[in-house]
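The block underneath contains the structure these notes are about, expressed in structure tokens.
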Amino acid sequence: MRKWGAALLIALALSGLALGAGRQAKREALAAGGSPAGTVIWIELDRKRLTVYENGTETAAFPIASGARDTPSPVGVYRITHRFATELSGFGTRFLGLSVGFGQYGIHGTNVPGSIGRSVSHGCIRLRVRDAERLYRMAGGGTKGVI
1053 MRKWGAALLI ALALSGLALG AGRQAKREAL AAGGSPAGTV IWIELDRKRL
1103 TVYENGTETA AFPIASGARD TPSPVGVYRI THRFATELSG FGTRFLGLSV
1153 GFGQYGIHGT NVPGSIGRSV SHGCIRLRVR DAERLYRMAG GGTKGVI
């Protein structure tokens, strides 16, 4: 088991997700809602895909880049705690910060679009700039994000 294996199991247990639960965990997360306007961001690291659900209905999906083997993306259920818009940088033009309790992680654009579809980040979820800008309009503070 990797060095982050125990942390992963704890995060899954605390979030109410079970290993192998797959679709059932997804249904439960979407049903629990609790996000502004019923918005939930569902991130599938293995598929390199971020899907936005509004009141349980898929409204958008984007390809992503995720954490590298040595710097994996944190698995769990989080909330968007801060947001900012900026000029094009390593974070693209939009950043959505997540409530990860052991570091600073977020969902953001990238100035390296060739990284999309790969495991290359330091744990953050990267999107194409135009996709990050669209997600930014859809997901306000407090929106639930499930990785």
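So the sequence shown is numbered by our numbering: it starts at 1053 and just counts up by one. Even glycine gets a Cβ: it sits at the ideal position worked out from N, Cα and C.
(1) Excluding five sequence neighbours on each side, which residues of the same chain lie with their C-beta closer than 6 Å to the C-beta of ILE1159?
(2) What does DSSP give as the partner residue(s) for ARG1178 in the beta ladder?
(3) Using only alpha-carbon positions, find the residue among SER1125, GLY1090, PRO1124, LEU1150 that is nearest to THR1109.
(4) Using the DSSP secondary-structure output, state which residues sit across from SER1171 in a beta bridge.
(5) Nearest to THR1111 by CA position, among MET1190, ASN1163, ARG1146, LEU1150, is which residue?
(6) Name the DSSP beta bridge partners of TYR1130, please?
(7) What do you get for LEU1140, buried or exposed, if any count of 16 or more other CB atoms within 10 angstroms of its CB means buried?
Reading it off the structure:
(1) Counting from 1 along the sequence shown, the entry for residue 1159 is found at position 107. For ILE1159, where only same-chain residues beyond five positions count, the Cβ hits under 6 Å are LEU1148, ILE1177.
(2) Stepping through the sequence shown from its first residue, residue 1178 is reached at position 126. Partner(s): ALA1117, HIS1160.
(3) The sequence position of residue 1109 within the sequence shown is 57, counting from 1. That would be GLY1090, whose Cα lies nearest to the Cα of THR1109.
(4) As a first step, residue 1171 must be located in the sequence shown, where it is residue number 119. BP columns for SER1171 point to SER1118.
(5) Here the question's residue 1111 lines up with position 59 in the sequence shown. Minimum Cα distance to THR1111 is reached at MET1190.
(6) Position 78 of the sequence shown holds residue 1130. TYR1130 is bridged to GLY1197.
(7) Against the sequence shown, residue 1140 aligns to sequence position 88. Under this definition LEU1140 is an exposed residue.
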